[in-house]
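Working notes for the structure below.
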Amino acid sequence: MPDCIFCNILAHKTPAKIVYEDDQVAAIEDIRPQAPVHLLVIPRQHVVTLNDFKAQDEPLLGRLFTVAARLAKERGLESKGYRTVINNGAWAGQSVAHLHVHVMGGRVFHWPPG
Ligand code: 5GP
Ligand code: ZN
6 MPDCIFCNIL
16 AHKTPAKIVY
26 EDDQVAAIED
36 IRPQAPVHLL
46 VIPRQHVVTL
56 NDFKAQDEPL
66 LGRLFTVAAR
76 LAKERGLESK
86 GYRTVINNGA
96 WAGQSVAHLH
106 VHVMGGRVFH
116 WPPG
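The opening position of the sequence shown corresponds to residue 6 in our numbering, with each subsequent residue numbered one higher.
Here it is as structure tokens:
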């Protein structure tokens, strides 16, 4: 997807602070952090929302969350807690049409979210 910002970042065509990479996913620092730690874990495959995931993609979903947990642990978020979020579609507030897991921590989060 040549005009997708996250595809371009993962292809190293657009600059970003990449904090993790493997063959299936990468993680970057969010450009407008909403918490002291705000990372985005992104699949290399261009998937728009969870609606596009198929049964065969289950290992990829697992990878997204195991990487999210590993990065949170590395940043010392494990004991106090942190939030993982996937916004799917307009009403959820998704602004980039390439699925990503937000990993946010370092402050208290409230529930329900806005
Ligand atoms: P969404 O609203 O789709 O759930 O989240 C998109 C996130 O991507 C936002 O938190 C936004 O700040 C971040 N973002 C948008 N464009 C860029 C960019 O070019 N670089 C980085 N690092 N983050 C971005
Ligand atoms: Zn993409």
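We treat Cβ as the ideally placed atom computed from N, Cα and C, and that holds for glycine. Just so we're clear, the structure is a prediction, and the values are computed from it rather than from any experiment.
field: Residue ranges of each beta strand (DSSP E) within the segment 9-61, 3 or longer
entry: 23-26, 30-34 and 42-48
field: Cβ neighbour criterion (16 or more within 10 Å) applied to Tyr48
entry: For this step, residue 48 is matched to residue 43 along the sequence shown. According to the sequence as given, residue 48 is Pro; it is not Tyr. A residue is called buried once 16 or more other Cβ atoms fall within 10 Å of its Cβ, and Pro48 is buried on that count.
query: Is Arg37 near ligand 1, judged by its Cβ being under 7 Å from some heavy atom?
result: For this step, residue 37 is matched to residue 32 along the sequence shown. Arg37: yes, Cβ under 7 Å from ligand 1.
Pairwise C-alpha distance: His103 and Glu129: Because the chain spans 6 through 119 in this model, residue 129 falls outside it and cannot be assessed.
query: Which residues have a Cβ closer than 7 Å to any heavy atom of ligand 2, listed in chain order?
result: Residues close to ligand 2 by the beta carbon criterion (under 7 Å to any non-hydrogen atom) are, from first to last along the chain, Met6, Cys9, Phe11, Cys12, His51 and His103.
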